[in-house]
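**Student:** First, the structure itself, so that you have it in front of you.
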Amino acid sequence: MQARARYDRIGHGYAATRREEPRFMERIAAALGDAGSVVNVGAGAGAYEPRDRYVIAIEPSGVMAAQRPRDRAPAVRAMAHELPLHDQSVDAAMSVLSLHHWDEHREQGIRELRRVSRGPVILLTYDPDVSAAMWLMADYLPEVAELDRRIFPSMQTLVDWLGDRTRVEPLPVPRDTCDWMLGSFWAHPERVLDASARNATSGFARMDPDVVDRVITTVRRDLESGIWDMRHGELRSLETYDSGLRLLVSHPS
Ligand SMILES: C[S@@+](CC[C@H](N)C(=O)[O-])C[C@H]1O[C@@H](n2cnc3c(N)ncnc32)[C@H](O)[C@@H]1O
Numbered sequence: 000m001q002a003r004a005r006y007d008r009i010g011h012g013y014a015a016t017r018r019e020e021p022r023f024m025e026r027i028a029a030a031l032g033d034a035g036s037v038v039n040v041g042a043g044a045g046a047y048e049p050r051d052r053y054v055i056a057i058e059p060s061g062v063m064a065a066q067r068p069r070d071r072a073p074a075v076r077a078m079a080h081e082l083p084l085h086d087q088s089v090d091a092a093m094s095v096l097s098l099h100h101w102d103e104h105r106e107q108g109i110r111e112l113r114r115v116s117r118g119p120v121i122l123l124t125y126d127p128d129v130s131a132a133m134w135l136m137a138d139y140l141p142e143v144a145e146l147d148r149r150i151f152p153s154m155q156t157l158v159d160w161l162g163d164r165t166r167v168e169p170l171p172v173p174r175d176t177c178d179w180m181l182g183s184f185w186a187h188p189e190r191v192l193d194a195s196a197r198n199a200t201s202g203f204a205r206m207d208p209d210v211v212d213r214v215i216t217t218v219r220r221d222l223e224s225g226i227w228d229m230r231h232g233e234l235r236s237l238e239t240y241d242s243g244l245r246l247l248v249s250h251p252s
């Protein structure tokens with residue numbers, strides 16, 4: 000399915016459970032440094048978009064753009080791999096949890112971010128080797144781990160594309176985060192049973208209904224029998240967990 004159409008199908012209700020996590024926003028703001036103008040690619044409903052800088056929001060899906068609050072810049076309907084911007088026309092380029100939807104255009108999209116930014120390129124993404132180890136993927140949903148390995152570039156690949164002035168920072172996911180991304184399910188198996196939480200994660204939204212039904216049935220069974228808590232219950236007492244979320248900050252060579 001084309002990326003543009005994908006979020007027109009799966010993006011309904013996204014902003015209800017995918018709210019901005021202030022601790023991630025702080026890290027992104029620090030990475031943006033003193034950039035006065037920023038392009039946000041795959042901007043969606045506007046989470047993680049700075050409010051104190053000049054922002055150009057790029058978002059191909061009308062369903063996602065319609066969820067942007069009125070005080071945010073309107074979204075330009077374009078795609079990452081052909082940004083409608085001149086070379087080095089903004090101080091910084093950012094993209095949050097979007098690049099795994101760019102399909103065969105991922106490398107070209109990253110090169111576009113590099114092309115238009117005079118300064119840093121900032122990416123929030125997942126390391127698919129780490130996310131595969133979380134109980135949900137390891138015990139119940141290997142199909143998502145397998146999909147993630149295909150669609151999330153490895154950290155080394157991203158460094159190759161971005162250049163050697165790139166640093167990769169782990170971003171542990173707080174237990175009480177208000178951004179219910181799939182990586183936030185680590186201490187909340189009950190979210191698997193909640194359709195609005197599930198459907199706002201592309202991992203679940205991209206699965207066949209049969210797979211989703213199987214996972215709901217087995218997680219519900221293991222919660223009711225106490226098996227989930229016996230195996231993974233100690234996670235409920237941790238404050239944060241590394242579910243593979245990574246911040247990449249890249250400066251021009
Ligand atoms: C998981 S959402 C993230 C939205 C927002 N950045 C956030 O963190 O809430 C992924 C976004 O990437 C957008 N997207 C998908 N394919 C894209 C492409 N080829 N170019 C730009 N954006 C794309 C989707 O429409 C969607 O809004």
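Read in order, the letters of the sequence shown are residues 0 to 252 in numbering that gives the first Met the number 0. Don't be surprised by glycine CBs; every beta carbon is placed ideally from N, CA and C.
Can you look up Asp-212 in the DSSP assignment and give me helix, strand or coil?
**Tutor:** Taking the sequence shown and counting its residues from 1, the one referred to as residue 212 is at position 213. Helix, per DSSP.
**Student:** For the candidate residues Glu-168, Pro-49, Ala-4 and Glu-19, whose alpha-carbon lies nearest to that of Cys-177?
**Tutor:** Here residue 177 refers to the residue found at position 178 of the sequence shown. Comparing Cα-Cα distances from Cys-177 to each of Glu-168, Pro-49, Ala-4 and Glu-19, the minimum goes to Glu-19.
**Student:** Check Thr-176 in the structure and name its three-state DSSP category.
**Tutor:** The residue given as residue 176 occupies position 177 in the sequence shown. Reduced to three states, the DSSP call for Thr-176 is coil.
**Student:** Assuming Trp-185 and Tyr-240 make a contact with CB atoms under 8 Å, what is their CB distance in whole Å?
**Tutor:** The residue given as residue 185 occupies position 186 in the sequence shown. The residue given as residue 240 occupies position 241 in the sequence shown. 4 Å between Cβ atoms; contact.
**Student:** Quick one: what's got a C-beta closer than 7 Å to Arg-105's C-beta in the same chain, skipping five residues either side?
**Tutor:** As a position in the sequence shown, residue 105 is number 106, starting the count at 1. Leu-98 and Pro-152.
**Student:** Is Trp-253 near ligand 1 - that is, is its Cβ less than 6 Å away from at least one heavy atom of it?
**Tutor:** Within the shown structure, residues of the chain are numbered from 0 to 252, placing residue 253 beyond reach of any answer.
**Student:** Just the C-alpha distance for Asp-175 and Glu-238, rounded to the nearest angstrom, thanks.
**Tutor:** Indexing the sequence shown from 1 puts residue 175 at position 176. Indexing the sequence shown from 1 puts residue 238 at position 239. One C-alpha to the other measures close to 8 Å.
**Student:** Can you give, in chain order, each stretch of the beta strand (DSSP E) that sits fully within the segment 45–106 and has at least 3 residues?
**Tutor:** The segment 45–106 contains these whole beta strand (DSSP E) runs: 53–57 and 91–95.
**Student:** In angstroms with no decimal places, state the Cα-to-Cα distance between Leu-222 and Leu-192.
**Tutor:** Reading the sequence shown from its first residue, position 223 is the one you call residue 222. Reading the sequence shown from its first residue, position 193 is the one you call residue 192. The straight-line gap from Cα to Cα measures roughly 10 Å.
**Student:** Do you know how far the Cα of Asp-159 is from the Cα of Ala-28?
**Tutor:** Taking the sequence shown and counting its residues from 1, one reaches residue 28 at position 29. Taking the sequence shown and counting its residues from 1, one reaches residue 159 at position 160. The alpha-carbon atoms of Ala-28 and Asp-159 are separated by roughly 24 Å.
**Student:** Determine the extent of the beta strand (DSSP E) in which Arg-169 is found, giving its start and end residues.
**Tutor:** The count along the sequence shown starts at 1 and reaches residue 169 at position 170. Reading off the sequence shown, one finds Pro at residue 169, where the question assumed Arg. Run containing Pro-169: 165–169, per the beta strand (DSSP E) assignment.
**Student:** Looking at Asp-147: is its Cβ nearer than 7 Å to the Cβ of Ser-130?
**Tutor:** Sequence index remark: in the sequence shown, residue 147 carries index 148 (1-based). Sequence index remark: in the sequence shown, residue 130 carries index 131 (1-based). In this structure, Ser-130 lies closer than 7 Å to Asp-147 by Cβ.
**Student:** Express the C-alpha separation of Val-211 and Asn-39 in angstroms, rounding to a whole number.
**Tutor:** Translated into positions along the sequence shown, residue 39 becomes position 40. Translated into positions along the sequence shown, residue 211 becomes position 212. Distance between the alpha carbons of Asn-39 and Val-211: 31 Å.
**Student:** Identify whether Leu-140 lies in helix, strand or coil by the three-state DSSP scheme.
**Tutor:** Indexing the sequence shown from 1 puts residue 140 at position 141. DSSP places Leu-140 in coil when its eight states are reduced to three.
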